[in-house]
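Number of protein chains: 2
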Amino acid sequence: MLTRIDHIGIACFDLDKTVEFYRSTYGFEVFHSEVNEEQGVREAMLKINETSDGGASYLQLLEPTREDSTVAKWLAKNGEGVHHIAFGTADVDAEAAGIKEKGVRVLYEEPRRGSMGSRITFLHPKDCHGVLTELVTSAPVESSEH
Amino acid sequence: MLTRIDHIGIACFDLDKTVEFYRSTYGFEVFHSEVNEEQGVREAMLKINETSDGGASYLQLLEPTREDSTVAKWLAKNGEGVHHIAFGTADVDAEAAGIKEKGVRVLYEEPRRGSMGSRITFLHPKDCHGVLTELVTSAPVESSEH
Numbered sequence: 001m002l003t004r005i006d007h008i009g010i011a012c013f014d015l016d017k018t019v020e021f022y023r024s025t026y027g028f029e030v031f032h033s034e035v036n037e038e039q040g041v042r043e044a045m046l047k048i049n050e051t052s053d054g055g056a057s058y059l060q061l062l063e064p065t066r067e068d069s070t071v072a073k074w075l076a077k078n079g080e081g082v083h084h085i086a087f088g089t090a091d092v093d094a095e096a097a098g099i100k101e102k103g104v105r106v107l108y109e110e111p112r113r114g115s116m117g118s119r120i121t122f123l124h125p126k127d128c129h130g131v132l133t134e135l136v137t138s139a140p141v142e143s144s145e146h
Numbered sequence: 001m002l003t004r005i006d007h008i009g010i011a012c013f014d015l016d017k018t019v020e021f022y023r024s025t026y027g028f029e030v031f032h033s034e035v036n037e038e039q040g041v042r043e044a045m046l047k048i049n050e051t052s053d054g055g056a057s058y059l060q061l062l063e064p065t066r067e068d069s070t071v072a073k074w075l076a077k078n079g080e081g082v083h084h085i086a087f088g089t090a091d092v093d094a095e096a097a098g099i100k101e102k103g104v105r106v107l108y109e110e111p112r113r114g115s116m117g118s119r120i121t122f123l124h125p126k127d128c129h130g131v132l133t134e135l136v137t138s139a140p141v142e143s144s145e146h
């Protein structure tokens, strides 16, 4: 079961400038930041609200760290904007397996490491009406990641 | 103050097929549907979770009702995908005024009618790092809209 909008992933050319835009315009603060070498991104998570399943919804601002990363290629084609959306679930493995059985392409064989120690996978946008869709299971004790 | 991710607006060519995709793939059900003649869209709201400010987060699926609507033009250029994101606030008028003062273009002189009797405005995507951004104040008694 998918129980929340976990985050909206937004690709940008300059993470610091984009973080500053969201801070000065809306008052959103950085909750967490990290570099994900596997994904080739530097990212900032801005927590917007908590959710009824005990989790939270974030904006995830993404700047590519290398030209061959997926996000770098996406930015070169599309410019800045919404790159993906992510739904939270207690069990990303079971959700991915169930969705795969329905004929939707799951992009990873096994979930990989996402923001704040989460486990994530992606669904092919062409099978999701044009929306690159991520499934996320948060790390067990999210508060230790602050 | 913006207190939640209110919704993610997703443009599609065929609302019924897209609703069915979200139902059969994820189990998301239609919470509300309507036609907004002013915006030139037929839409379905899928409620994903409730939020810590007393509101909720939705997916808003949008099909254009006429070729000259903003969403129709966007679809012709981009194909299906995420069209905009929306933040919820208790006071869209005050938020829009404050954001305008910071030099971000607000697209409406006065907020207009959005989904479920809400009041909405939009911010220019070129001033928001490529993201068409909506501000929403829900109707006072949202439960009466079910």
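From first to last, the protein sequence lines are chains B and F. Quick note on the UniProt record's numbering: the first sequence kicks off at 1 and runs consecutively. Quick note on the UniProt record's numbering: the second sequence kicks off at 1 and runs consecutively. Here a beta-carbon is modelled for each residue, glycine too, at the ideal position from N, C-alpha and C.
Query raised in the report: What do you reckon, are the CB atoms on Cys12/B and Thr18/B nearer than 8 Å?
Result: yes
Query raised in the report: Any contact of the region 26 to 39 of chain F with the region 53 to 65 of chain F, i.e. 3+ C-beta pairs under 8 Å?
Result: yes
Query raised in the report: For Gly54/B, is the classification buried or exposed, using 16 other Cβ atoms within 10 angstroms of its Cβ as the cut-off for buried?
Result: exposed
Report task. Give the single residue among Gly88/F, Ser57/F, Glu20/F whose Cα lies nearest to the Cα of Phe87/B. Result -> Ser57/F
Query raised in the report: Buried or exposed: which applies to Tyr108/F, given that a residue is buried once 16 or more other Cβ atoms fall within 10 Å of its Cβ?
Result: exposed
Query raised in the report: Per DSSP, which one or two residues make a beta bridge with residue 149/F?
Result: Residue 149/F is absent from the structure shown; chain F starts at 1 and stops at 146.
Query raised in the report: With Val104/B and Asp127/B assumed to form a contact (beta carbons below 8 Å), what rounded beta-carbon distance in angstroms separates them?
Result: 4 Å
Query raised in the report: Near Val131/B, what residues of its chain come up, given a Cβ to Cβ distance below 7 Å and the 5 sequence neighbours on each side ignored?
Result: Ile85, Pro125
Query - Ser52/F and Asn78/B closer than 8 Å at C-beta - result: no
Query raised in the report: Is the beta carbon of Met116/F sitting closer than 8 Å to the one on His32/F?
Result: yes
Report task. Could you tell me the distance, in whole angstroms, from the CA atom of Ser144/B to the CA atom of Arg23/B? Result -> Only weak support exists for where Ser144/B lies, its pLDDT of 48 falling under 50; the value from the coordinates is given anyway. Between Ser144/B and Arg23/B, the C-alpha separation is close to 24 Å.
Report task. Taking Arg2/F as the query, report the chain B residues whose CB atoms sit under 8 Å from its CB, ordered along the chain. Result -> The question names Arg, but residue 2/F is Leu in the sequence shown. What Leu2/F touches in chain B: Tyr26, Gly27, Phe28, Ile48.
Query raised in the report: What distance in whole Å lies between the Cβ atoms of Leu135/B and Thr70/B, which are believed to be in contact at a cut-off of 8 Å?
Result: No, Thr70/B and Leu135/B are not in contact; Cβ-Cβ is about 17 Å, not under 8 Å.
Report task. Please classify His146/F: does DSSP put it in a helix, a strand, or coil? Result -> With a pLDDT of 48 at His146/F, under the threshold of 50, the modelled position of that residue is not reliable, and no figure is offered here.
**Report entry** Span of the beta strand (DSSP E) around Gly9/B
**Finding:** 2 to 11
Report task. Using beta-carbon positions only, say whether Ala44/B and Leu75/B come within less than 8 Å of one another. Result -> no
Requested in this report: Helix, strand or coil for Glu134/B, going by three-state DSSP, please let me know.
Outcome: strand
**Report entry** Where Ala90/F sits in the DSSP three-state scheme
**Finding:** coil
Query raised in the report: Using a Cβ-Cβ cut-off of 7 Å (strictly less than) and excluding sequence neighbours within five positions of Lys100/B, which residues of its own chain qualify?
Result: Val106
Query raised in the report: Name the DSSP beta bridge partners of Gly81/B, please?
Result: Ala11/B
Query raised in the report: What does Glu34/F reach in chain B if we use C-beta pairs closer than 9 Å?
Result: Those do not exist, as Glu34/F stays about 20 Å from chain B at its closest Cβ, beyond 9 Å.
Query raised in the report: For Glu50/F, which residues does DSSP report across the bridge?
Result: Ala56/F
Query raised in the report: Can a CB atom of chain F be found closer than 8 Å to the CB of Ser118/B?
Result: no
Requested in this report: Can you say whether Val35/F is buried or exposed, counting buried as having 16 or more other CB atoms within 10 angstroms of its CB?
Outcome: exposed
Query raised in the report: Is Lys136/F close to chain B, meaning its C-beta is less than 8 Å from at least one C-beta of that chain?
Result: The question names Lys, but residue 136/F is Val in the sequence shown. Answer no: the Cβ-Cβ gap between Val136/F and chain B never drops below 8 Å.
**Report entry** Proximal residues of chain B, C-beta to C-beta of Phe21/F below 7 Å
**Finding:** His129
Requested in this report: Run down chain D in chain order and give the residues with a C-beta less than 9 Å from the C-beta of Lys102/F.
Outcome: Absence of chain D from the displayed structure is noted, the protein chains being B and F.
Requested in this report: Take Ala139/F and list the residues in its own chain whose beta-carbon comes closer than 7 Å to its own, dropping the five residues that flank it on each side.
Outcome: Met116, Gly117, Ser118, Glu145
**Report entry** Enclosing beta strand (DSSP E) for Leu107/F [first to last residue]
**Finding:** Note, Leu107/F: premise wrong, no beta strand (DSSP E); not H, not E.
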